[in-house]
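Numbering (our numbering), first residue to last: -12 to 366.
Where is the CB? At the ideal position from N, CA and C, for every residue including glycine.
Values in this document were obtained by computation on a predicted structure and should not be read as measured data.
Now the structure itself:
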């Protein structure tokens, strides 16, 4: 059953309803086959942009919807419940736009942002490196100042949309200062010297391409420096705070879908003369699953509302990411248990949901990192 939502405006209700209908009619019927074929749904992102679902949290003057994260995250939930690879792709794309939308100049935003939020350009976020994942300040990718711009040399790991994106928000070292020596650049995917490695072979989200991006003396004009030189780490961490909300919302949507499938199966499947949902052991398990989903959603929306009001939300974003992704892992695993042997087969999507939930505890800051962030805010 659809989540019982409290949305702030009729416009918000319309957009979330649009996302729900699109998820049910256009995403869910194709997800299993596309995931099995490792097929990246590039045209889907263009369609989402045309419908206004890629620019929900961004300013209307640049083609966004200006609806804020409270609405954007609930639409993202709906997409995730049908096809997690698409929802994660939307979240990563929105985060890839964040440095430009938040730290770019008016001229930079006017030049590039409309095509990004409109779906003509798909983004990737290049922060992590092989030896600098949870510790971005340890990055080695360098940007050397040259006449008219910079030359970027190095490699970036675990890039969602690697090899498929049209642009990358790339973080590179412009000086040796650990925290103030990193800058952010908007790099076109067709830049000379930029290449993508072979896509990673993953246990889940196989419809979403993940690859290493190599930068071999890539020239980037001065106009593609986002923010000030040396401001990159601040930009990256700010973008991650917002991006973690996207991952948390996707986790809630995935858990909600797993719960829905489990309840449907438990209502239809009978043993000992009655539906298995009426057996206390299964009924209580489903109740715990429902409580976990509702609690995770409330935590995510609390952080979103704080962000929309301009209040500090970094701690709440980490709490949301931790709570929601841990809940998704538990709920999807329990959904497999409710379905029993059927849940372990590909005849039902819950086994895929369980595999997809695992990565949500890992990327955009592992849940161990989230605990570190929360702990520091308590000191």
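Quickly, what does DSSP pair residue i with across the bridge? List them, please.
| i | result |
| --- | --- |
| residue 259 | According to DSSP, residue 259 bridges with nothing at all. |
| residue 171 | 158 and 213 |
| residue 201 | 142 and 182 |
| residue 113 | 157 |
| residue 207 | 137 |
| residue 147 | 197 |
| residue 119 | 116 |
Where does residue i land, buried or exposed, given buried means 16+ other C-beta within 10 angstroms?
| i | result |
| --- | --- |
| residue 362 | exposed |
| residue 340 | buried |
| residue 336 | buried |
| residue 93 | exposed |
| residue 190 | exposed |
| residue 297 | exposed |
| residue 258 | exposed |
| residue 165 | exposed |
| residue 232 | buried |
| residue 332 | exposed |
| residue 2 | buried |
| residue 30 | exposed |
| residue 41 | buried |
| residue 160 | buried |
| residue 148 | buried |
| residue 86 | buried |
| residue 404 | This structure cannot speak to residue 404, because the chain is shown only from -12 to 366. |
| residue 64 | buried |
| residue 113 | buried |
| residue 248 | buried |
Measuring only the C-alpha atoms, how far is residue i from residue j?
| i | j | result |
| --- | --- | --- |
| residue 111 | residue 104 | 13 Å |
| residue 77 | residue 274 | 30 Å |
| residue 359 | residue 292 | 23 Å |
| residue 26 | residue 193 | 8 Å |
| residue 345 | residue 280 | 16 Å |
| residue 238 | residue 134 | 45 Å |
| residue 141 | residue 203 | 7 Å |
| residue -3 | residue 14 | 24 Å |
| residue 173 | residue 122 | 22 Å |
| residue 199 | residue 320 | 30 Å |
| residue 196 | residue 328 | 30 Å |
| residue 287 | residue 201 | 35 Å |
| residue 150 | residue 48 | 30 Å |
| residue 155 | residue 115 | 13 Å |
| residue 175 | residue 4 | 34 Å |
| residue 98 | residue 209 | 14 Å |
| residue 343 | residue 350 | 12 Å |
| residue 270 | residue 207 | 58 Å |
| residue 246 | residue 45 | 31 Å |
| residue 80 | residue 35 | 12 Å |
| residue 184 | residue 136 | 25 Å |
| residue 334 | residue 60 | 29 Å |
| residue 56 | residue 290 | 9 Å |
Looking at the secondary structure, which residues open and close the beta strand (DSSP E) in which residue i lies?
| i | result |
| --- | --- |
| residue 129 | 129 to 133 |
In terms of residues, what are the limits of the alpha helix (DSSP H) holding residue i?
| i | result |
| --- | --- |
| residue 84 | 71 to 90 |
| residue 8 | -3 to 9 |
| residue 361 | 354 to 365 |
| residue 334 | Residue 334 -> no alpha helix (DSSP H), and no H or E assigned at all. |
| residue 316 | 301 to 326 |
| residue 270 | 267 to 295 |
| residue 218 | No alpha helix (DSSP H) holds residue 218; DSSP gives it neither H nor E. |
| residue 298 | Where residue 298 is concerned, there is no enclosing alpha helix (DSSP H), given that its DSSP letter is neither H nor E. |
| residue 103 | 93 to 104 |
| residue 37 | 29 to 37 |
| residue 20 | 15 to 23 |
Please report the Cβ distance between residue i and residue j, rounded to the nearest whole angstrom; I am assuming they are in contact, meaning their Cβ atoms lie under 8 Å.
| i | j | result |
| --- | --- | --- |
| residue 241 | residue 67 | 5 Å |
| residue 58 | residue 43 | 6 Å |
| residue 219 | residue 169 | 4 Å |
| residue 234 | residue 171 | The pair is not a contact, with the Cβ atoms about 20 Å apart (cut-off 8 Å). |
| residue 205 | residue 139 | 4 Å |
Taking 7 Å as the CB-CB limit, is residue i close to chain D?
| i | result |
| --- | --- |
| residue 73 | Judged by its chain identifiers, the structure shown contains no chain D, having just a single protein chain. |
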